[in-house]
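Engineer: First the structure, which I've put down as structure tokens, then a few questions once you've had a look.
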Amino acid sequence: MDEVYIEKLSAFGRMLRREGLAAAPRDTEDAARLLAGMDLSNRERVKTALKTVYASTREEQLIFDRVFDGFFLSEEAMRAQARDQLEREQQRARERQQAQEELDGMGNRVRLDSSERESYKELPEDARKKLREFLEKYKGNVDRSPHLYSEFIHSVFAKALLEQQMRMENAGTGVEERDPEMGLLYRDIGEFKDSEIPKAISMIQAVARQINGELSAHRRAGAHSGKLDFRRTIRRSLSTGGSLHDLRFRKKHPRRKRLVLLCDVSGSMMQFSEFALRFIQSLNQVAESSRTFLFSETVVEADAFQLQNMDRFRTTVRESGIYGRGTDLGTALERLCAFRPPILNGSTTLIILSDSKTVDTHRAVLALQEAKRLSGRVLWLNPIPERNWKYLKSTMAVSQVCPMIPCSTLKELADACRRLARN
Amino acid sequence: MTLEELRQKLDETQYVYDENMLTVLYVALTLGRPLLIEGAAGVGKTEVAKVMAAALDRELVRLQCYEGLDESKALYEWNYQKQLLTIQIHENDPDKQTLTKSLFSDEFLLERPLLKSIRSEKPVVLLIDEVDKADEEFEAFLLELLSEMQVTVPEIGTIRAKTVPFVVLTSNRARPLSEALRRRCAYLHIDYPDMDKELAILRKKLPNVDDRLRLQVALAVQKLRSAEEILKKPSIAETLDWAAALDALGIRELTPDAVRNTAGFVLKNNEDLLTLEDQEEEEPCGACREHSHG
Chain S
0 MDEVYIEKLS AFGRMLRREG LAAAPRDTED AARLLAGMDL SNRERVKTAL
50 KTVYASTREE QLIFDRVFDG FFLSEEAMRA QARDQLEREQ QRARERQQAQ
100 EELDGMGNRV RLDSSERESY KELPEDARKK LREFLEKYKG NVDRSPHLYS
150 EFIHSVFAKA LLEQQMRMEN AGTGVEERDP EMGLLYRDIG EFKDSEIPKA
200 ISMIQAVARQ INGELSAHRR AGAHSGKLDF RRTIRRSLST GGSLHDLRFR
250 KKHPRRKRLV LLCDVSGSMM QFSEFALRFI QSLNQVAESS RTFLFSETVV
300 EADAFQLQNM DRFRTTVRES GIYGRGTDLG TALERLCAFR PPILNGSTTL
350 IILSDSKTVD THRAVLALQE AKRLSGRVLW LNPIPERNWK YLKSTMAVSQ
400 VCPMIPCSTL KELADACRRL ARN
Chain P
0 MTLEELRQKL DETQYVYDEN MLTVLYVALT LGRPLLIEGA AGVGKTEVAK
50 VMAAALDREL VRLQCYEGLD ESKALYEWNY QKQLLTIQIH ENDPDKQTLT
100 KSLFSDEFLL ERPLLKSIRS EKPVVLLIDE VDKADEEFEA FLLELLSEMQ
150 VTVPEIGTIR AKTVPFVVLT SNRARPLSEA LRRRCAYLHI DYPDMDKELA
200 ILRKKLPNVD DRLRLQVALA VQKLRSAEEI LKKPSIAETL DWAAALDALG
250 IRELTPDAVR NTAGFVLKNN EDLLTLEDQE EEEPCGACRE HSHG
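Heads up: the sequence lines are chains S and P, in that order. All residue numbers for the first sequence refer to numbering that gives the first Met the number 0, where the first residue is 0 and numbers rise by one. All residue numbers for the second sequence refer to numbering that gives the first Met the number 0, where the first residue is 0 and numbers rise by one.
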């Protein structure tokens with residue numbers, strides 16, 4: 000095989016590794032061997048053959064397709080891509096030029112440092128227009144008392160620039176949408192459309208089944224207590240004339256955890272809490288018992304019957320009077336700690352499902368520390384993507400007290416449940 | 000074997016395949032990699048192994064996995080009864096060392112599917128069915144066999160493969176398989192067939208059934224599979240059973256009555272049957288509607 004092909008394949012392997020596939024040198028060797036005997040003009044066949052070598056799950060196949068289509072372009076696609084790229088660059092240059100002119104026009108009315116000026120040029124036209132209109136609205140005030148208004152105007156600009164930065168970081172995560180079913184696993188739960196919810200629920204059931212299978216296999220593997228089961232060993236030895244060649248051991252009976260779930264059901268958290276609860280409830284291997292509490296400004300207990308389906312869950316939340324209110328984690332945790340007879344003790348695992356946006360963060364942190372002292376373990380499942388935590392002070396504060404697991408997607412939620420069940 | 004030769008061999012069987020599957024089978028065969036097939040129950044995963052055995056003219060050796068499967072059921076076991084008898088017969092024999100040695104020879108070795116597949120004089124197709132049902136230790140044990148094509152029997156030593164079997168592993172994803180096992184395999188995911196493929200399967204497997212009925216059955220099954228409310232989606236085997244049952248009853252058109260009377264062949268739980276009844280009341284199935292429009 001030509002040196003150039005091998006170099007290309009090796010670069011392709013590196014690219015697959017960068018995207019998270021374990022493309023081993025042996026795979027590249029196999030791929031080279033395959034291609035040497037194949038008709039390279041049949042693009043689809045080459046793609047399938049390489050996919051068979053490099054991808055070993057359905058998820059990996061989707062990543063492979065994306066990398067392959069980006070790497071091995073047809074001549075026509077390459078030309079079209081170059082043309083699009085040129086057009087995009089020209090358009091971008093025009094927009095940046097326009098943004099620069101706008102900045103020049105603003106003069107000293109807005110104090111932006113060099114990095115903020117650069118971010119401003121990256122803003123889409125509609126966002127820039129909003130800021131221009133805002134500036135126009137306050138034009139007279141700024142001219143009259145620049146000291147009074149400059150800080151305020153700067154804060155509005157800074158907020159818009161920060162939001163833009165967060166949006167760009169989120170867009171870079173590359174949610175997989177080629178396979179709608181798989182895509183649902185990797186999409187932000189808060190962005191599910193109503194029509195996608197039945198599909199998401201059936202996916203939760205499928206993934207929960209898989210985790211249950213995995214956990215029961217894990218338990219079986221570790222079921223050995225190390226103590227000899229003398230009776231079964233003797234019985235077993237009868238088939239071999241009494242020689243004890245096949246030792247039988249007593250089974251280990253692992254104690255399952257007692258879970259206490261504290262779910263934030265204020266406004267935007269409703270959908271996430273519903274999914275997360277459904278997930279945890281369907282994992283029969285996780286806990287021997289669980290109690291669920293719903294909170295916003297106050298806290299109420301929900302029974303298993305109320306959590307059985309989405310409509311019943313929503314009705315429960317609405318009737319409890321906590322729907323549509325703000326979030327006060329401090330109060331919720333204080334009440335939970337004060338319950339008599341006590342809910343939290345050394346054998347309970349407290350799981351908090353919340354985006355950590357709460358009033359009075361300081362009180363919430365103190366209450367969380369108390370809850371942690373009372374419980375065996377505290378885990379926080381946060382639906383906000385981990386990359387955005389750094390922008391939220393309350394998240395940073397509570398994450399210092401207890402382990403926080405990102406759960407913005409069903410995939411992350413499944414991983415969190417695995418972690419919860421295994422440890 | 001070239002890709003075209005493999006195509007020719009597969010054409011001789013009754014299996015309906017697509018270009019994707021053909022390429023994957025060719026790759027697994029060429030590289031000598033085990034083939035791991037995943038997909039929902041009843042999409043034809045096990046059938047691939049049977050078809051490859053027929054196409055390659057090899058014997059099919061099957062190992063059905065289940066919880067608690069161990070080496071004694073999968074690889075080998077000593078014939079203890081025979082060993083005890085031999086000891087008793089040679090009780091007075093002075094040469095104990097030779098006797099002991101002979102007890103762990105081929106004569107007392109019971110071959111199980113894995114050992115049989117690598118000690119066979121002619122290469123075979125080894126089907127390790129539903130590997131996800133086996134324990135993790137068994138999976139780890141399979142690694143040596145799949146990567147080195149050899150197994151270690153403590154009393155004998157390492158047994159190398161006389162011939163290399165074509166290995167097919169199937170999984171319903173009841174639990175994820177280890178990364179190490181996956182890495183050693185070529186991977187194929189089989190989805191439920193689309194309309195054209197389903198129809199082609201019906202034509203190939205049930206050539207005597209009326210073409211119009213086949214079309215209606217295929218259409219109805221596609222519709223059932225796409226319905227969110229149906230919990231257990233009908234598999235290909237169930238499609239074939241349904242069409243055969245309709246044909247045996249002399250039904251030539253898939254009318255609502257015919258669907259009601261034979262639904263048990265395609266839907267296998269009560270909730271699904273009730274859902275179908277409800278849907279039929281609201282709106283007759285696609286196939287019937289097409290029929291009524293001519």
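Yeah, the Cβ is synthetic: ideal placement off N, Cα and C, and Gly gets one too.
#1: Counting Cβ pairs, one atom from each stretch, are 3 or more of them under 8 Å apart for the region 115-123 of chain P and the region 156-172 of chain P?
#2: Can you check whether the C-beta of S:A207 is within less than 8 Å of a C-beta belonging to chain P?
#3: Looking at the unbroken alpha helix (DSSP H) that takes in S:N387, where does it start and where does it end?
#4: Residues in the region 33-63 of chain P with C-beta within 8 Å of chain S's C-beta atoms, listed in sequence order?
#5: Alpha helix (DSSP H) containing S:L61: first to last residue?
#6: Can you pull out the residues from the region 79-99 of chain P whose beta carbon lies closer than 7 Å to at least one beta carbon of chain S?
#7: Pull up the distance between the alpha-carbon of S:L258 and that of S:M105, whole angstroms please.
#8: So P:T22 is in the alpha helix (DSSP H); what residue range does that whole segment cover?
#9: Give me the Cβ distance between S:I210 and S:C406, rounded to the nearest whole Å; I'm assuming they're in contact under 8 Å.
#10: Looking only at its chain, what residues have a beta carbon closer than 6 Å to the beta carbon of S:A413, apart from the 5 residues adjacent to it on each side?
#11: Decide if P:P93 is buried, meaning its Cβ has at least 16 other Cβ atoms within 10 Å, or exposed.
#12: Assuming P:R6 is part of the alpha helix (DSSP H), what are its boundary residues?
#13: Can you tell me which of S:D228, S:S236, S:S265 and S:L237 puts its alpha carbon nearest to the alpha carbon of S:R247?
#14: May I ask you to report which of helix, strand or coil DSSP gives P:I155?
#15: Give me the Cβ distance between P:R182 and S:A21, rounded to the nearest whole Å; I'm assuming they're in contact under 8 Å.
#16: From P:F165 to P:E270, what does the alpha carbon distance come to, in whole angstroms?
#17: Report yes or no: do three or more beta-carbon pairs, one from the region 7-17 of chain S and one from the region 55-74 of chain S, lie closer than 8 Å?
#18: Given a threshold of 16 other Cβ atoms within 10 Å of its Cβ, counted over all protein chains shown, does S:S272 qualify as buried or as exposed?
#19: Ordered along the chain, which non-local residues of its own chain (more than five positions away) have a Cβ less than 7 Å from that of S:V298?
#20: Alpha carbon to alpha carbon, what distance is there between S:D103 and S:E135?
#21: Taking its Cβ as the centre, do 16 or more other Cβ atoms sit within 10 Å of S:T360, making it buried, or is it exposed?
#22: So, does the CB of P:V294 fall closer than 8 Å to a CB anywhere in chain S?
#23: How far does the alpha helix (DSSP H) with S:R231 in it reach, from first residue to last?
#24: Give every residue of the same chain whose Cβ lies closer than 7 Å to the Cβ of P:A173, excluding the five residues on either side of it in the sequence, and list them in chain order.
#25: By the 10 Å Cβ neighbour count, where 16 or more other Cβ atoms means buried, how is S:A366 classified, buried or exposed?
#26: Determine contact between the region 110-124 of chain S and the region 80-88 of chain S, defined as no fewer than three beta-carbon pairs at a distance below 8 Å.
#27: Measuring alpha carbon to alpha carbon, tell me which residue in P:L187, P:Q82 and P:K8 is nearest P:T45.
#28: May I ask you to check if the CB of P:A53 is nearer than 7 Å to at least one heavy atom of the ligand GDP?
#29: How many Å lie between S:E59 and S:K46 at the Cα?
#30: With DSSP run on the structure shown, which of helix, strand or coil describes S:G182?
#31: Of all the options S:Q368, S:L243, S:M77 and S:R249, which has the alpha carbon lying nearest to the alpha carbon of S:K226?
#32: With 16 other CB atoms within 10 Å as the buried threshold, where does P:I235 fall?
#33: May I ask which residues mark the beginning and end of the beta strand (DSSP E) holding P:D38?
#34: Out of P:E147, P:I200 and P:D190, which has the shortest C-alpha to C-alpha gap to P:I36?
#35: If you reduce the DSSP assignment to three classes, tell me which class P:V216 lands in.
#36: Taking S:F274 as the reference, which of S:F156, S:I188 and S:Y119 has the closest Cα?
Structural biologist: Short version:
#1: Yes: the two stretches touch, three or more of their Cβ pairs being nearer than 8 Å.
#2: no
#3: Neither: S:N387 is in no alpha helix (DSSP H) and is coded neither H nor E.
#4: L35 and E37
#5: Element bounds for S:L61: R57 to F70.
#6: Going along the region 79-99 of chain P in chain order, one finds Y79 and L83 with a Cβ nearer than 7 Å to chain S.
#7: 57 Å
#8: Residues E18 to L30.
#9: Not quite, the Cβ-Cβ distance comes to about 14 Å (not below 8 Å), so this is no contact.
#10: Apart from the 5 residues on each side of it in sequence, S:A413 sits with its Cβ closer than 6 Å to the Cβ of V206 in its chain, given in chain order.
#11: exposed
#12: L2 to E11
#13: S:D228
#14: Reduced to three states, the DSSP call for P:I155 is coil.
#15: 6 Å
#16: 41 Å
#17: yes
#18: It is buried - the Cβ of S:S272 has at least 16 other Cβ atoms within 10 Å.
#19: Close CB contacts of S:V298 within its chain, under the 7 Å cut and outside five residues either way in sequence, are with F292, A331, R334 and L335 (chain order).
#20: 15 Å
#21: Under a 10 Å Cβ-count criterion, S:T360 is classified as buried, with 16 or more other Cβ atoms of the shown protein chains found around its own Cβ.
#22: Residue 294 of chain P cannot be examined here, being either before or after the span of chain P that is shown, 0 to 293.
#23: Where S:R231 is concerned, the enclosing alpha helix (DSSP H) starts and stops at F229 to S236.
#24: D131 and K132
#25: buried
#26: no
#27: P:L187
#28: This structure lacks the ligand GDP, and indeed carries no ligand of any kind.
#29: Cα to Cα, S:E59 sits roughly 14 Å from S:K46.
#30: helix
#31: S:R249
#32: buried
#33: First, the residue type needs correcting, since residue 38 of chain P is Gly and not Asp in the sequence shown. Looking at the DSSP string, the run of the beta strand (DSSP E) that includes P:G38 is L34 to G38.
#34: P:D190
#35: helix
#36: S:I188
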